[in-house]
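Enquirer: Using the numbering used here, the first residue of the sequence shown is number 18, and each one after it goes up by one.
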Amino acid sequence: MNGAVERCNGAWRYEFYAVYDLPRSVEALNPILDGFQHLYNHHRPHGAVGGITPSQYFKRRTAKETHPSHMSTTERVLSPTRLKSHNHCTELLVSCWFA
């Protein structure tokens, strides 16, 4: 973790502080910081994530994750009550599902 922090500090030191003529007030500095942070995360390729931007990396990672089922826990808990009255087969299936 320390290496990652040092790498980030180096990037800010050499790509931000050394390049920009920074204002003295925080109010004037915030838009410049926000702009550099956006550039750093959305347009600047990073070697640690395969030469893509952190934004692209995050999108790829979240696209690969499995999303929860359309049947939430609440729906499954409520379903047996609704389905019991339909027929014996549905009641048996639901009781096996929750066993």
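All residues carry an ideal CB built from backbone N, CA and C; glycine is no exception.
1) What is the DSSP secondary structure of H63, reduced to helix, strand or coil?
2) Between the Cα of R24 and the Cα atoms of L50, H63, V43, G67, which residue gives the shortest distance?
3) Note down, in chain order, each residue of its chain lying with its Cβ closer than 8 angstroms to the Cβ of P39, except the 5 sequence neighbours on either side.
4) Which residue marks the beginning of the alpha helix (DSSP H) containing G20, and which one marks its end?
5) Can you give me the start and stop residues for the alpha helix (DSSP H) that R78 sits inside?
6) Quick check: what's the CA-CA separation for R61 versus P71?
Expert: If we stick to the structure as given:
1) Sequence index remark: in the sequence shown, residue 63 carries index 46 (1-based). Here H63 sits in strand by DSSP.
2) Along the sequence shown, read from residue 1 onward, the residue named residue 24 stands at position 7. Comparing Cα-Cα distances from R24 to each of L50, H63, V43, G67, the minimum goes to H63.
3) Along the sequence shown, read from residue 1 onward, the residue named residue 39 stands at position 22. First, the residue type needs correcting, since residue 39 is Leu and not Pro in the sequence shown. The answer, listed in chain order, is L46, I49.
4) Numbered from 1 along the sequence shown, position 3 holds the residue referred to as residue 20. 19-29 is the extent of the alpha helix (DSSP H) around G20.
5) If you number the sequence shown from 1, residue 78 lands on position 61. Taken as a continuous stretch (DSSP letters only), the alpha helix (DSSP H) holding R78 covers 71-81.
6) For the purposes of this step, residue 61 is identified with residue 44 of the sequence shown, where counting begins at 1. For the purposes of this step, residue 71 is identified with residue 54 of the sequence shown, where counting begins at 1. Their Cα atoms are separated by approximately 8 angstroms.
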